[in-house]
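This report concerns only the one structure given below.
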Amino acid sequence: MRILVTGGTGYIGTHCCIALIKEGIKPVIIDNLSNSHPVVLERIKCITGFKPDFIHGDLRDKNVLSHIFVQYDITAVIHLAGLKAVSESVSKPFEYFDNNICGSLSLIASMREARVKTLIFSSSATVYGMSDQQPVSENFARSAVNPYGHSKLMVENILENLAIGEPDWRIIVFRYFNPAGAHESGLVGEDPIGVPNNLAAYICQVAIGRRKYLSVFGADYNTRDGTGLRDYIHVMDLAEGHLSALDYLCKRPGYWAVNLGTGQNVSVFEMLKAFRHASRRDIPFRIVQRRPGDVAECWADPSLAYRLLGWKAHRTLNEICIDAWHWQKLNSFGYLDKNANNHAKAD
């Protein structure tokens with residue numbers, strides 16, 4: 001089985017590829033490297049013994065996609081590629097719609113031409129918008145409140161209608177909550193280019209000394225400590241969910257939207273406390289204005305994933321913090337850290 005992983009050198013993609021290889025599946029990666037590093041390919045090889053085939057390309061380039069489907073015997077696609085920063089999407093809506101929607105349409109068109117009709121799409125909990133109820137389940141109304149969420153919601157609608165019109169498609173849409181942590185080896189983890197948009201990555205960079213303090217975006221929400229509540233899921237739990245989805249889709253056609261989360265909510269201050277405990281370091285912070293597009297609280301009802309796929313998250317918040325800190329200690333400057341790269345090659 002050959003699986004095409006779009007965005008496969010990114011944070012989630014790297015961990016998904018490791019999970020696939022551990023199960024004997026050889027992924028093929030396409031990525032434009034806009035927010036990732038090619039050195040992760042060597043890191044994947046260090047962990048698994050296998051270096052995935054890599055194509056540097058953009059999903060909007062149909063010639064590149066056609067070449068991939070012709071050259072490789074692709075049986076399914078895990079579609080992770082896309083821009084993903086909520087606050088950035090507010091100031092760059094066109095770029096988000098162009099990249100996330102047009103890229104997805106181009107991929108779907110190439111899959112149809114190649115008669116590959118098994119797809120896992122990485123959507124987001126942002127499609128639930130300002131939900132009045134928590135935790136959120138898959139049958140809740142969808143109402144995105146920022147361009148990033150709208151782009152995910154539009155692709156969800158496209159895929160749902162595609163599965164109705166062409167019922168031989170096998171599609172699972174995963175609504176991710178908040179991936180965090182890193183592979184236990186410390187060789188791969190979250191290394192955003194520029195200012196981190198995710199809390200755990202930002203905390204790591206403060207703890208290692210790359211940033212002076214954590215900006216807490218709002219402490220006046222109507223929550224137990226005034227900060228936003230989120231559902232943080234270990235990235236390896238998330239990656240393993242994709243294996244469960246592939247196994248399920250092999251058995252039946254159809255369309256399913258499924259939450260991937262833990263069902264537990266954690267505040268910003270609670271995450272800070274957990275990370276201080278894991279790293280034994282102080283994390284300076286400052287409270288600043290809320291970010292546009294952020295919601296006060298959002299966590300998952302993950303029960304459908306267990307009923308449908310037999311999947312549930314096992315790793316704890318403490319493990320998330322320990323693994324994230326292990327990654328950051330070994331890679332002070334991320335994948336560009338020369339000492340870390342030399343160590344990885346030696347291993």
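Residue numbers for the sequence shown, in full-length UniProt numbering: 1 to 347.
Glycine included, every Cβ here is placed at the ideal spot set by N, Cα and C.
Within 10 angstroms of its Cβ, does Ala346 collect 16 or more other Cβ (buried), or is it exposed?
Working through the sequence shown from its first residue, we reach residue 346 at position 346. Any reading at Ala346 is ruled out, since the residue's pLDDT is 48, under 50, leaving its predicted position unreliable.
Taking DSSP as the reference, what is the three-state secondary structure of Lys84?
Within the sequence shown, the letter at position 84 stands for residue 84. Three-state result, Lys84: coil.
Are the CB atoms of Asp231 and Gln205 nearer to each other than 8 angstroms?
Translated into positions along the sequence shown, residue 231 becomes position 231. Translated into positions along the sequence shown, residue 205 becomes position 205. No, the pair does not count as a contact, with Cβ atoms beyond the cut-off.
Rounded to the nearest angstrom, what separates Tyr96 and Ser87 at their Cα positions?
Here the question's residue 96 lines up with position 96 in the sequence shown. Here the question's residue 87 lines up with position 87 in the sequence shown. When rounded, the distance between both Cα atoms is 11 angstroms.
Do you know how far the Cα of Ala19 is from the Cα of Val127?
Here residue 127 is taken as the residue at index 127 of the sequence shown, counted from 1. Here residue 19 is taken as the residue at index 19 of the sequence shown, counted from 1. Taking the straight line from one Cα to the other gives about 26 angstroms.
Look at the alpha carbon of Asp58 and the alpha carbon of Tyr11, and state the distance between them as a whole number of angstroms.
As a working mapping, residue 58 is identified with position 58 in the sequence shown. As a working mapping, residue 11 is identified with position 11 in the sequence shown. Taking the straight line from one Cα to the other gives about 17 angstroms.
Roughly how many angstroms separate the alpha carbons of residue 360 and Glu270, rounded to a whole number?
Outside the modelled stretch of the chain, which goes from 1 to 347, sits residue 360, for which no answer is possible.
Ordered along the chain, which non-local residues of its own chain (more than five positions away) have a Cβ less than 6 angstroms from that of Ala200?
Counting from one through the sequence shown, the residue named residue 200 turns up at place 200. These residues qualify, in order along the chain: Ala180, Ala324.
Going by the beta-carbon positions, is the gap between Leu330 and Ile283 smaller than 8 angstroms?
If you number the sequence shown from 1, residue 330 lands on position 330. If you number the sequence shown from 1, residue 283 lands on position 283. No, they are not a contact pair.
Look at Phe174 and Gly129 and say whether their C-beta atoms are less than 8 angstroms apart.
Walking along the sequence shown from the start, residue 174 turns up at place 174. Walking along the sequence shown from the start, residue 129 turns up at place 129. No, the Cβ-Cβ distance between Phe174 and Gly129 is not below 8 angstroms.
Decide if Ser91 is buried, meaning its Cβ has at least 16 other Cβ atoms within 10 Å, or exposed.
In the sequence shown, residue 91 corresponds to position 91, counting from 1. With fewer than 16 other Cβ atoms within 10 Å, it is exposed.
From this set, Lys26, Trp311, Leu272, Asn35, which residue's C-alpha is nearest Ala207's C-alpha?
For the purposes of this step, residue 207 is taken as residue 207 along the sequence shown, with counting starting at 1. Comparing Cα positions, the closest option is Leu272.
Among Ile3, Ile108, Pro93, Ala109, which has the Cα closest to the Cα of Tyr72?
Position 72 of the sequence shown, counted from the start, is the residue given in the question as residue 72. When each option's Cα is compared against that of Tyr72, the closest is Ile3.
Host alpha helix (DSSP H) of Val188 (start-end)
The residue given as residue 188 occupies position 188 in the sequence shown. Where Val188 is concerned, there is no enclosing alpha helix (DSSP H), given that its DSSP letter is neither H nor E.
Can you say whether Asp225 is buried or exposed, counting buried as having 16 or more other CB atoms within 10 angstroms of its CB?
Residue numbering aside, residue 225 sits at position 225 when the sequence shown is read from its first letter. By the neighbour-count rule (16 or more Cβ atoms within 10 Å), Asp225 is not buried but exposed.
Which residues mark the beginning and the end of the alpha helix (DSSP H) in which Val235 is found?
As a position in the sequence shown, residue 235 is number 235, starting the count at 1. Taken as a continuous stretch (DSSP letters only), the alpha helix (DSSP H) holding Val235 covers 235 to 249.
Does DSSP classify Gly263 as helix, strand or coil?
Here residue 263 is taken as the residue at index 263 of the sequence shown, counted from 1. Note: Gly263 maps to coil in three-state DSSP.
Which partner residues of Ala257 appear in the DSSP bridge assignment?
Position 257 of the sequence shown, counted from the start, is the residue given in the question as residue 257. Paired residue(s): Val173.
Length of the line joining the Cα atoms of Leu159 and Ile203:
Reading the sequence shown from its first residue, position 159 is the one you call residue 159. Reading the sequence shown from its first residue, position 203 is the one you call residue 203. Approximately 36 angstroms, taken between the alpha carbons.
Do Gly261 and Ile233 come within 8 angstroms of each other at the CB atom, strictly closer than that value?
To locate residue 233, count along the sequence shown from 1; it is residue 233. To locate residue 261, count along the sequence shown from 1; it is residue 261. Yes, they are a contact pair.
At least 3 beta-carbon pairs within less than 8 angstroms: the segment 73 to 84 vs the segment 40 to 48
no
Starting from Ala19 and walking both ways along the alpha helix (DSSP H), at which residues does that stretch end?
As a position in the sequence shown, residue 19 is number 19, starting the count at 1. 11 to 22 is the extent of the alpha helix (DSSP H) around Ala19.
Using the rule of at least 16 other Cβ atoms within 10 Å of the residue's Cβ for burial, across every protein chain shown, is residue 369 buried or exposed?
Outside the displayed range of the chain (1 to 347) lies residue 369, so it cannot be described from this structure.
His314 to Glu190 span [Cα, whole Å]:
Taking the sequence shown and counting its residues from 1, the one referred to as residue 314 is at position 314. Taking the sequence shown and counting its residues from 1, the one referred to as residue 190 is at position 190. Answer to the nearest angstrom: the Cα atoms are 20 angstroms apart.
Comparing alpha-carbon positions, which option in Phe54, Asn157, Lys26, Pro27 lies nearest Pro38?
The sequence position of residue 38 within the sequence shown is 38, counting from 1. Of the listed residues, the one whose Cα sits closest to Pro38 is Phe54.
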